[in-house]
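Accompanying notes for the structure given below.
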Amino acid sequence: MDKDGRMDQVRSNFSGKAREYDERITKIIPRYTEMLGVLVSCIVPPEGRRLRVIDIGCGTGALSMALLRAHPDAELTCLDMTENMLDIARERLGHHRDARFVLADLYDFEFEGPYDVVMSSLALHHLVTDHDKREVYRKIHDALRPGGQFFNADIVLGSDEEMQEMYMTRWKEFMYLSFPKEEIDHQQVPRYRREDSPARLVDHLLWLNEAGFRGADVVWKYFNFAVYGGRR
């Protein structure tokens, strides 16, 4: 499937499940709230001015909400390619007077930087190819102020087939706690294999270095989920 077809498929899936997303996500992603909290805790605000942040692939706004609890004066842009998800983010964050909401996908969006922080959660694995991911990392790097930070919380692949098989086993065991085994084996996992394109964590760090980031590192990891990033 080509890039446009994959993005249409992902957009359709999330559009139809926007209202139930927040209820389901903590049952699908282990330690989801902890993962977002770790990402936000890594953000170092600038001295003498307000923090300027963009959340790419913001979904229903959970990561942005966590950010605003820690940095209530931040100037925030929320970007997502699914209108229904963005509507929920707007409901959730609309009280924040300096929040902007942008409907676009990462292939077409042009950053209006410079930003102090670019952050993302569970979105960049939808980029179809490794080349796409590398190009987006370059765009993110160029959109940051000198010293600005990028952090991503996302699903990753194991470093080899044996590690990946173990990750998938542990992940399915977690999801079985909340959903029927048949739903996970015949719906959730096939959808993941069909719509998602995660990469190995070691490759993400390599691509960040290639894009010009300094201090690219992993700050949190739990099986096949990780928080990683770097500085311009």
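Under my numbering, the residues of the sequence shown are numbered 124 to 355, in order.
Don't be surprised by glycine CBs; every beta carbon is placed ideally from N, CA and C.
Quick caveat, the model's predicted, so the values are computed rather than measured.
When the Cα of Leu186 is compared with those of His264, Arg173 and Ser164, which residue comes out closest?
Position 63 of the sequence shown holds residue 186. Nearest of His264, Arg173 and Ser164 to Leu186, Cα basis: Ser164.
Taking 8 angstroms as the cut-off, does the stretch 250-269 touch the stretch 188-199 (at least 3 CB pairs, one atom from each stretch)?
Two segments are said to touch when three or more pairs of C-beta atoms, one from each, lie closer than 8 angstroms; by this definition the stretch 188-199 does not touch the stretch 250-269.
Segment contact flag, the stretch 302-315 with the stretch 323-333, C-beta cutoff 8 angstroms, min 3 pairs:
The stretch 302-315, when compared against the stretch 323-333, does not touch it at the 8 angstroms Cβ threshold.
Gly160 lies in the alpha helix (DSSP H); which residues open and close that run?
As a position in the sequence shown, residue 160 is number 37, starting the count at 1. For Gly160, the uninterrupted alpha helix (DSSP H) run begins and ends at Tyr155 to Ser164, by DSSP.
Is there contact between the stretch 141-156 and the stretch 170-180, where contact requires at least three CB pairs shorter than 8 angstroms?
Two segments are said to touch when three or more pairs of C-beta atoms, one from each, lie closer than 8 angstroms; by this definition the stretch 141-156 does not touch the stretch 170-180.
What residue range is occupied by the uninterrupted alpha helix (DSSP H) comprising Pro313?
For the purposes of this step, residue 313 is taken as residue 190 along the sequence shown, with counting starting at 1. Following the DSSP letters along the chain, one finds Pro313 inside the alpha helix (DSSP H) bounded by residues Val312 to Glu318.
Unbroken stretches of the beta strand (DSSP E), 3 residues or longer, contained in the stretch 157-221
List check, beta strand (DSSP E) in window: 175-179 and 198-203.
Less than 8 angstroms between the CB atoms is what I'm expecting for Ala189 and Leu159, so what's the real figure, rounded?
Counting from one through the sequence shown, the residue named residue 189 turns up at place 66. Counting from one through the sequence shown, the residue named residue 159 turns up at place 36. 5 angstroms between Cβ atoms; contact.
Nearest CA to the CA of Ala349: which residue from Tyr144, Tyr155 and Arg142?
The residue you call residue 349 lines up with position 226 of the sequence shown. Ranking Tyr144, Tyr155 and Arg142 by Cα distance to Ala349 puts Tyr155 first.
Go ahead and pull the three-state DSSP assignment for Ile278.
Looking up residue 278 in the sequence shown gives position 155. Note: Ile278 maps to strand in three-state DSSP.
In the DSSP output, which residue or residues are listed as bridge partners for Lys344?
Position 221 of the sequence shown, counting from 1, holds the residue named residue 344. Listed as beta-bridge partners of Lys344 by DSSP are Ala349.
DSSP-derived helix/strand/coil call for Ala227
Stepping through the sequence shown from its first residue, residue 227 is reached at position 104. The answer is coil: DSSP assigns Ala227 none of H, G, I, E or B.
Name the DSSP bridge partner or partners of Tyr290?
Counted from its first residue, the sequence shown places residue 290 at position 167. Looking at the DSSP assignment, Tyr290 forms no beta bridge with any residue, so it has no partner.
Are the beta-carbon atoms belonging to Ile152 and Val240 less than 7 angstroms from one another?
Looking up residue 152 in the sequence shown gives position 29. Looking up residue 240 in the sequence shown gives position 117. Their beta carbons are not under 7 angstroms apart, which means Ile152 does not touch Val240 by this criterion.
Select from Ala339, Gln287 and Glu235 the residue whose C-alpha is nearest the C-alpha of Arg175.
Position 52 of the sequence shown, counted from the first residue, corresponds to residue 175. Measuring from the Cα of Arg175, the nearest candidate turns out to be Glu235.
Does the Cβ of Gln310 have 16 or more other Cβ atoms within 10 Å, making it buried, or fewer, making it exposed?
Indexing the sequence shown from 1 puts residue 310 at position 187. Its Cβ having fewer than 16 others within 10 Å, Gln310 is exposed.
When Ile307, Lys295 and Lys262 are compared against Glu333, the one with the closest alpha-carbon
Your numbering for residue 333 matches position 210 in the sequence shown. Nearest of Ile307, Lys295 and Lys262 to Glu333, Cα basis: Lys262.
Span separating the alpha-carbon of Ser138 from that of Pro195
Taking the sequence shown and counting its residues from 1, one reaches residue 138 at position 15. Taking the sequence shown and counting its residues from 1, one reaches residue 195 at position 72. A caution first: Ser138 carries a pLDDT of 49, below 50, which makes its placement in the model too unreliable to give a value.
Reduced DSSP secondary structure (H/G/I, E/B, other) of Leu267
If you number the sequence shown from 1, residue 267 lands on position 144. Leu267 sits in a strand when the DSSP states are folded into three classes.
Using a threshold of 7 angstroms, state whether the C-beta atoms of Gly335 and Ala246 are closer than that.
In the sequence shown, the residue the question calls residue 335 occupies position 212. In the sequence shown, the residue the question calls residue 246 occupies position 123. No, the pair does not count as a contact, with Cβ atoms beyond the cut-off.
Separation of His264 from Leu229, as counted between CA atoms:
Numbered from 1 along the sequence shown, position 106 holds the residue referred to as residue 229. Numbered from 1 along the sequence shown, position 141 holds the residue referred to as residue 264. Rounded to whole angstroms, Leu229 to His264 spans 14 angstroms at the Cα level.
Note down, in chain order, each residue of its chain lying with its Cβ closer than 8 angstroms to the Cβ of Pro269, except the 5 sequence neighbours on either side.
Numbered from 1 along the sequence shown, position 146 holds the residue referred to as residue 269. Closer than 8 angstroms at the Cβ level, and outside the excluded window around Pro269, lie Arg355.
Quick one: what's got a C-beta closer than 8 angstroms to Val341's C-beta in the same chain, skipping five residues either side?
Here residue 341 corresponds to residue number 218 of the sequence shown, with the count starting at 1. If we look at Val341 and ignore the five residues flanking it on each side, its Cβ neighbours are Leu324, Leu328, Ala349, Val350 and Tyr351.
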